[in-house]
Every structure is written in structure tokens, then in C-alpha cells.
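This report concerns only the one structure given below.
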Amino acid sequence: AQKVTQAQTEISVVEKEDVTLDCVYETRDTTYYLFWYKQPPSGELVFLIRRNSFDEQNEISGRYSWNFQKSTSSFNFTITASQVVDSAVYFCALWYDYKLSFGAGTTVTVRA
Amino acid sequence: AAGVIQSPRHLIKEKRETATLKCYPIPRHDTVYWYQQGPGQDPQFLISFYEKMQSDKGSIPDRFSAQQFSDYHSELNMSSLELGDSALYFCASSLGFGGRGSGNTIYFGEGSWLTVV
Numbered sequence: 001a002q003k004v005t006q007a008q009t010e011i012s013v014v015e016k017e018d019v020t021l022d023c024v025y026e027t028r029d030t031t032y033y034l035f036w037y038k039q040p041p042s043g044e045l046v047f048l049i050r051r052n053s054f055d056e057q058n059e060i061s062g063r064y065s066w067n068f069q070k071s072t073s074s075f076n077f078t079i080t081a082s083q084v085v086d087s088a089v090y091f092c093a094l095w096y097d098y099k100l101s102f103g104a105g106t107t108v109t110v111r112a
Numbered sequence: 113a114a115g116v117i118q119s120p121r122h123l124i125k126e127k128r129e130t131a132t133l134k135c136y137p138i139p140r141h142d143t144v145y146w147y148q149q150g151p152g153q154d155p156q157f158l159i160s161f162y163e164k165m166q167s168d169k170g171s172i173p174d175r176f177s178a179q180q181f182s183d184y185h186s187e188l189n190m191s192s193l194e195l196g197d198s199a200l201y202f203c204a205s206s207l208g209f210g211g212r213g214s215g216n217t218i219y220f221g222e223g224s225w226l227t228v229v
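Next up, the structure:
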């Protein structure tokens with residue numbers, strides 16, 4: 001089966017705390033692509049990152065960082081020094097069969 | 113940079129009515145996807161088009177149909193609307209398929225909120 005599991009339903013933190021979102025995936029393919037999207041309360045889906053299965057290099061973009069580990073089939077996402085504007089639902093997604101399949105999402109609430 | 117444009121942004125329809133959603137992909141993108149997101153749910157794939165041909169179909173009701181036109185814009189037609197069709201409908205686009213070696217990112221529009229009353 002090909003699927004994405006985001007075990008954390010909701011995470012609540014105080015501003016400036018770090019928060020890590022877990023994403024575990026299952027796939028039969030040797031070539032695959034993983035994505036993270038952010039959905040703020042306004043509803044749009046904002047692309048954050050795309051990673052292919054051949055590139056296990058971790059990535060950092062400002063306060064965002066991603067840890068891709070094929071050995072554990074995980075593609076975790078960390079927000080460092082969280083801010084209120086980071087409050088959103090975050091989706092991890094797996095590309096297979098010519099479409100994206102999303103995890104259930106993790107709701108992050110950052111309190112001032 | 114130009115993004116995926118969806119219209120209308122909000123739509124209220126009565127049961128059994130028909131609704132049409134439009135999607136204008138990012139310029140030069142040739143692949144369009146439609147997703148449906150119910151309240152508190154993750155987006156669910158409905159249908160996709162590549163170069164104006166339907167390429168894949170997900171859990172799309174028979175009451176729904178879609179097409180991609182010569183200018184690559186797409187329309188999702190929903191007939192005999194039911195209360196359960198109330199959802200946020202996303203269109204997304206990419207250049208070629210976003211995987212299987214093409215390695216292209218899929219960008220989503222802001223979504224169309226459909227409320228069926």
C-alpha cells in the first residue's frame with residue numbers, strides 16, 4: 001500500500017518554541033516524491049517543499065527544516081522559533097500513480 | 113509570479129442545483145488536478161488532465177464531470193448537488209506529471225468554497 005501517516009493530530013506551542021511534525025510514508029516505488037504543504041486558516045494550500053527519493057540531504061529554509069530518512073521512511077518537518085503566523089494545518093503528501101495522496105494533516109497552534 | 117486561479121471563490125447553491133468551478137493553471141503548465149476537501153479532512157483527489165486528456169480519476173461522483181480546454185483551463189461541473197458536496201474544491205497544476213522522473217512541483221489554487229443548502 002502507498003500511504004502517508006501523520007500521527008500527530010494537533011500540536012500547541014508557545015511562540016518561539018520549536019515544533020516538529022512527523023510524517024511516515026509507505027511506498028513500493030524506488031523513485032518517489034514527497035511534499036509538504038501549509039494550509040492557513042484562510043484555506044489556501046501553500047507549497048513548502050518537494051523532495052525526491054534520491055536526495056536524502058536535509059534542507060533548511062529560514063526557520064523551516066526538513067529531515068528525510070529513507071531508512072525509517074520518514075520526512076519530518078521542523079519549525080524553529082515558531083511564530084503565531086505559523087498556525088496552520090500542515091500536510092505531508094506522497095506523489096504516486098500520477099497524483100498526490102495526502103496525510104491527515106497536523107494542526108499547529110502557536111500561542112502568543 | 114502567476115499562480116493557479118480559481119473562480120468563483122465562494123459559491124452557495126441549493127440542493128439539486130448545478131455548479132461550475134473554473135481553474136486557470138499557471139502559464140505553460142499542461143497538467144491540471146482537482147481535489148475536494150471536506151471539513152476537517154485532507155484533500156481527496158477527484159480527477160486530473162494532461163494535455164487536455166483525462167489522465168486519472170479518483171473518487172469523483174458520477175454527478176461530477178470535468179474537462180480541460182484548448183487553452184489548458186479546466187472546469188469542474190457538479191450536478192444534482194447534495195448537502196455532502198459542501199467542501200473546499202482545489203485546482204492544482206504542474207508542468208508534466210509531478211513525479212515518475214518529471215520531478216515537477218504541483219501548485220494549488222486558493223480553492224473554491226462550495227456550500228450546498
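Protein chains in written order, with the working numbering: chain H, 1 to 112; chain C, 113 to 229.
For every residue, glycine included, the Cβ atom is placed at its ideal position computed from N, Cα and C.
Computed from a predicted model, the values in this text were never measured in an experiment.
is_contact[residue i, chain C] using C-beta, thresh 7 Å
i	result
H:Lys-3	no
H:Phe-68	no
H:Ala-7	no
H:Tyr-90	no
H:Tyr-98	yes
H:Phe-75	no
H:Phe-47	yes
H:Glu-44	yes
H:Arg-50	yes
H:Ala-104	yes
N-terminal and C-terminal residue of the beta strand (DSSP E) that residue i is part of
i	result
H:Tyr-98	Per DSSP, H:Tyr-98 belongs to no beta strand (DSSP E) and is neither H nor E.
C:His-122	122 to 125
C:Gln-179	176 to 180
C:Val-144	143 to 149
H:Ser-12	10 to 14
H:Phe-54	Looking at the DSSP string, H:Phe-54 is not in any beta strand (DSSP E), and its letter there is neither H nor E.
H:Ile-79	74 to 79
C:Lys-134	131 to 136
Buried versus exposed call for residue i [16 or more other C-beta atoms within 10 Å across all chains shown]
i	result
C:Thr-130	exposed
H:Ile-117	With chain H covering only 1 through 112, there is no way to say anything about residue 117 of chain H.
H:Leu-45	buried
C:Asp-183	exposed
C:Gln-166	exposed
H:Gln-69	exposed
C:Gly-213	Bear in mind that the predicted position of C:Gly-213 carries a pLDDT of just 44, short of 50, making it unreliable; the figure below should be weighed with that in mind. By the 10 Å Cβ count, C:Gly-213 comes out exposed.
H:Gly-103	buried
H:Lys-99	buried
Cutoff 7 Å: residue i Cβ touching any chain H Cβ
i	result
C:Phe-161	no
C:Phe-157	yes
C:Gly-208	no
C:Gly-223	yes
C:Tyr-200	Before going further, note that residue 200 of chain C is Leu rather than Tyr in the sequence given. For C:Leu-200, the answer is yes, since a Cβ of chain H falls inside 7 Å of its Cβ.
C:Thr-217	yes
C:Asp-154	yes
C:Asp-197	no
Any non-hydrogen atom of the ligand ATP within 6 Å of residue i CB
i	result
C:Asn-216	No copy of the ligand ATP occurs in the structure displayed, which carries no ligand at all.
Supposed close pair residue i, residue j - CB separation, criterion 8 Å
i	j	result
C:Tyr-147	C:Phe-181	So it is not a contact: roughly 19 Å between Cβ atoms.
C:Val-144	C:Gly-221	Wrong, their Cβ atoms sit about 10 Å apart, outside the cutoff.
query = Does the region 86 to 100 of chain H touch the region 29 to 36 of chain H, meaning 3 or more C-beta pairs lie closer than 8 Å?
reply = yes
inquiry  = Using 8 Å as the cut-off, can you tell me whether the region 120 to 137 of chain C makes contact with the region 174 to 192 of chain C, which would need three or more C-beta pairs spanning the two stretches below that distance?
reply    = Taking a cut-off of 8 Å on C-beta distances, the region 120 to 137 of chain C touches the region 174 to 192 of chain C, as three or more cross pairs fall below it.
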